[in-house]
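A.B. asks: Going down the list, the protein sequences come from chains A and B. Position 14 of the first sequence, counted from 1, bears residue number 13 in numbering that gives the first Met the number 0, the numbering being contiguous throughout. Position 161 of the second sequence, counted from 1, bears residue number 160 in numbering that gives the first Met the number 0, the numbering being contiguous throughout. Glycine included, each C-beta is placed from N, C-alpha and C at the ideal position.
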Amino acid sequence: MTALLEARNLFKRFGGLAAVKHLSLHVDPGEALGLIGPNGAGKTTIFNLIMDELKPDSGEILFRDVDITRKPTHERVKQGIVRTYQVPRPFADMTVAANIRVGMMPDDLGSMMRHGPDLAREREIGLSVGFGDRELAMYPGELSMGDLRRLELARNLAADPKLLLLDEVFAGLTVAEIGQISDLLVAHKKQGLTYIIVSHDLRSLAPLVDRVIAISFGETIAEGSFSEVIENEAVQKAYLGN
Amino acid sequence: MARAGLRKALAGWAGFGILMCLLPLVVSTGTLRIFIFANFLAMFAMSWDILSGRTGYISFGHPFLIGIAGYTTAMLTYHLDVSLMLSIPAAVIAAMLAGTLFFVPALRTRGTYFALVTLAFMELLYGLTQVVQPKLTGGTRGLSGLPAVVSGAVPNYYLSFLVMFVIGISLWLIVRTRIGTALSAIRMDEDAVKSTGLNTTKLKLFAFMVSAAVAGVAGALYVHYLGSIAPRGIFEVNFLFTILVAALLGGAETIIGPIIGAYFLTFLLEFLRPYIPGTGRYFIYGLVALVLYYYAPKGLYGILAALLGRLKPDRPGT
Chain A
0 MTALLEARNL FKRFGGLAAV KHLSLHVDPG EALGLIGPNG AGKTTIFNLI MDELKPDSGE
60 ILFRDVDITR KPTHERVKQG IVRTYQVPRP FADMTVAANI RVGMMPDDLG SMMRHGPDLA
120 REREIGLSVG FGDRELAMYP GELSMGDLRR LELARNLAAD PKLLLLDEVF AGLTVAEIGQ
180 ISDLLVAHKK QGLTYIIVSH DLRSLAPLVD RVIAISFGET IAEGSFSEVI ENEAVQKAYL
240 GN
Chain B
0 MARAGLRKAL AGWAGFGILM CLLPLVVSTG TLRIFIFANF LAMFAMSWDI LSGRTGYISF
60 GHPFLIGIAG YTTAMLTYHL DVSLMLSIPA AVIAAMLAGT LFFVPALRTR GTYFALVTLA
120 FMELLYGLTQ VVQPKLTGGT RGLSGLPAVV SGAVPNYYLS FLVMFVIGIS LWLIVRTRIG
180 TALSAIRMDE DAVKSTGLNT TKLKLFAFMV SAAVAGVAGA LYVHYLGSIA PRGIFEVNFL
240 FTILVAALLG GAETIIGPII GAYFLTFLLE FLRPYIPGTG RYFIYGLVAL VLYYYAPKGL
300 YGILAALLGR LKPDRPGT
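(1) Please report the straight-line C-alpha distance between residue 215(A) and residue 151(A), rounded to a whole angstrom.
(2) For the alpha helix (DSSP H) containing residue 177(B), name the first residue and the last one.
(3) Quick one: is residue 102(A) near chain B, going by C-beta distance under 8 Å?
(4) Helix, strand or coil for residue 295(B) per DSSP?
(5) Note the first and the last residue of the continuous alpha helix (DSSP H) segment covering residue 180(A).
(6) Let's test the definition: count the other Cβ atoms within 10 Å of the Cβ of residue 165(B) and tell me whether it reaches 16, buried, or not, exposed.
(7) Following the continuous beta strand (DSSP E) through residue 11(A), name the residue where it begins and the one where it ends.
(8) Which of the three DSSP states is assigned to residue 136(A) in this structure?
(9) Could you pull out every residue in the same chain whose Cβ sits closer than 7 Å to the Cβ of residue 28(B), ignoring the five residues on either side in sequence?
(10) Looking at residue 196(A): is its Cβ nearer than 8 Å to the Cβ of residue 204(A)?
(11) Quick check on residue 286(B): buried or exposed, where buried means 16 or more other Cβ atoms within 10 Å of its Cβ?
(12) Could you work out which residues of chain A lie near residue 177(B), taking near to mean beta carbons separated by less than 8 Å?
(13) Who are the neighbours of residue 72(A) on chain B, taking C-beta pairs under 7 Å?
(14) Let's test the definition: count the other Cβ atoms within 10 Å of the Cβ of residue 186(A) and tell me whether it reaches 16, buried, or not, exposed.
(15) Ends of the beta strand (DSSP E) at residue 210(A)?
(16) Please identify the residue among 87(B), 190(B) and 163(B) whose C-alpha is closest to the C-alpha of residue 147(B).
(17) To the nearest angstrom, how far is it from the Cα of residue 242(A) to the Cα of residue 13(A)?
(18) Helix, strand or coil, according to DSSP, for residue 227(B) in the structure here?
(19) Check for me: the beta strand (DSSP E) holding residue 196(A) runs from which residue to which?
(20) What's the C-alpha gap between residue 176(B) and residue 116(A)?
(21) Which two residues bound the contiguous beta strand (DSSP E) that contains residue 165(A)?
(22) Does any residue of chain B bring its CB to less than 8 Å from the CB of residue 169(A)?
(23) Candidates 37(B), 84(B) and 98(B): which alpha carbon is nearest residue 60(B)'s?
(24) Would you kindly report the start and end of the unbroken alpha helix (DSSP H) that includes residue 72(A)?
(25) With three or more C-beta pairs closer than 8 Å as the rule, is the stretch 176–191 of chain B touching the stretch 103–111 of chain A?
(26) Measuring straight from C-alpha to C-alpha, what distance separates residue 124(A) and residue 107(A)?
(27) For residue 145(A), verify whether its CB is less than 7 Å away from any heavy atom of the ligand NAP.
(28) Does DSSP put residue 27(B) in a helix, a strand or coil?
(29) Can you have a look at residue 6(B) and say buried or exposed, based on whether 16 or more other CB atoms are within 10 angstroms of its CB?
(30) Which one or two residues does DSSP pair with residue 66(A) in a beta bridge?
(31) Tell me the start and end of each unbroken alpha helix (DSSP H) in the stretch 78–116 of chain A that is at least 4 residues and wholly inside, in chain order.
(32) If I measure Cβ to Cβ from residue 191(A) and keep anything under 6 Å in the same chain, skipping five residues before and after, which residues do I get?
(33) Listed in chain order, which residues of the stretch 230–241 of chain A have Cβ atoms closer than 8 Å to some Cβ of chain B?
(34) Chain A beta carbons: is any one of them nearer than 8 Å to that of residue 99(B)?
(35) For the putative contact between residue 265(B) and residue 49(B), defined by C-beta atoms under 8 Å, what is the C-beta separation to the nearest angstrom?
(36) Does DSSP put residue 111(B) in a helix, in a strand, or in coil?
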């Protein structure tokens, strides 16, 4: 089976600090990959590299065996890679429904002008993440953190993703909200969605992943099933120090 | 629901159009001339709004685009006797080319830096028109005795109003589509727009081109209405601020707002003329603008829409 996404030998330096050092990883179609590591390990940088929000100094990124290393963000999204942000980034002066609308837009000015929004689909996506009609008409400023994370997921799902990059989707959420988002991910995974998830909340992460990669100082230090990685000595050292 | 809203709004436009077409029957020629200026200011303000009000790329250099168009048609007609039928379209094309020049910094800079770069464009042209080839541009004095498109207050009023009206309704229809929503999203978080799979460069270029085209049409017609062009009249901070204030006062990002703002501002300045001659009037309008921004940041459009209870249907988010 060929990997859905493969990163080869990625290297990214910020001034004197090498944030990602010759890191390689892959994720197979339908797989759920967890990315863990202490603060500053380079997890978000890896997401930024995969999305072209940062350019790697060297290395390659392949999606479905095609080299996308030089493709701009929007091209990657069109191919099916989308991400969430640690701090949700909604369009603040638009309703929840309109936020989803932007996620659904085709990258074609003619079509944007000729065809109105697909309101039924918008609502369907909203409902699928647990919003009701009341929430769809609300503005992001009126939403809780859990709702904002769901909004971001909805906007991502609107882009019809093949691979979802989830950056700390549980941060700042209540136990109930974590449960809702987890259920949502499980449901979408059953339908074939592949995702890479970064989280500090290991307990919530455990049931959601098939495989885990632990990273420290920009390098892979362990890889395997969740329990294998957690038991790994280098991982424990990285998290707890000596 | 959206269709009913559209029908109602189009009826509003039609009502506005009919009312303004009947205006010459009831007001004096002098008042009509004020309306002509208001119409031009409305076009400039809408041109600014579709770019800056929408996408958040604040242009301090709109007079640059207007000036390019103005000088193109002025020089073509003055030196080469080119017919207006050709010189005005040429001016619009020149403004759009200038717009692409404008667009280059927008690829790299945002916010204040973009505003300053565009301001520099304006200042640059101010200097260039005076010193480079003054024979062509007329130097500091500019060019005068330019041909008019139509003559007399009433024909000029109809011309300026109809062009303004067509531009207004076209822009309004454009921003009602998903393009308007996407451009607004760029103002809110451009990177997030990219991460929904939209090519923001393409979207911004669209906004720049439309804005430049409107500035071009308005600039060319304005110059022929005045019959003259000079660097001081156009590349001047006062002119720039009048455009900005009209758009912001009326309510940026709404297209209708800048029209309201332009009318309000032009008449405010005229009303103040007998009391405060000279540029002291600008002090008063600055004050009015300040008070309005503070208490009604959505502008006059926001106030009117709230009064009519229909603010939401025209916001991008619904």
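C.D. replies: Here's the rundown:
(1) Cα to Cα, residue 215(A) sits roughly 28 Å from residue 151(A).
(2) 177–193
(3) yes
(4) For residue 295(B), the three-state secondary structure derived from DSSP is coil.
(5) 174–189
(6) exposed
(7) First-last of the beta strand (DSSP E) with residue 11(A): 4–13.
(8) coil
(9) Taking C-beta separations shorter than 7 Å and ignoring five residues to either side along the sequence, the partners of residue 28(B) in its chain run 152, following chain order.
(10) yes
(11) exposed
(12) 100, 104, 111, 112, 114, 115 and 116
(13) In chain order: 193 and 194.
(14) exposed
(15) 210–215
(16) 87(B)
(17) The structure shown does not extend to residue 242(A), since chain A is modelled only from 0 through 241, so no value can be given for it.
(18) strand
(19) 193–197
(20) 8 Å
(21) 162–166
(22) no
(23) 98(B)
(24) 72–78
(25) Taking 8 Å as the limit for Cβ pairs, the verdict is that the stretch 176–191 of chain B does touch the stretch 103–111 of chain A.
(26) 21 Å
(27) In terms of ligand content, the structure shown is empty, and the ligand NAP therefore cannot be addressed.
(28) Coil, per DSSP.
(29) exposed
(30) 61(A)
(31) Listed in chain order, they are 95–103 and 108–113.
(32) 29
(33) none
(34) no
(35) Contact doesn't hold; Cβ gap of about 20 Å is too wide.
(36) Residue state, collapsed to three classes: helix.
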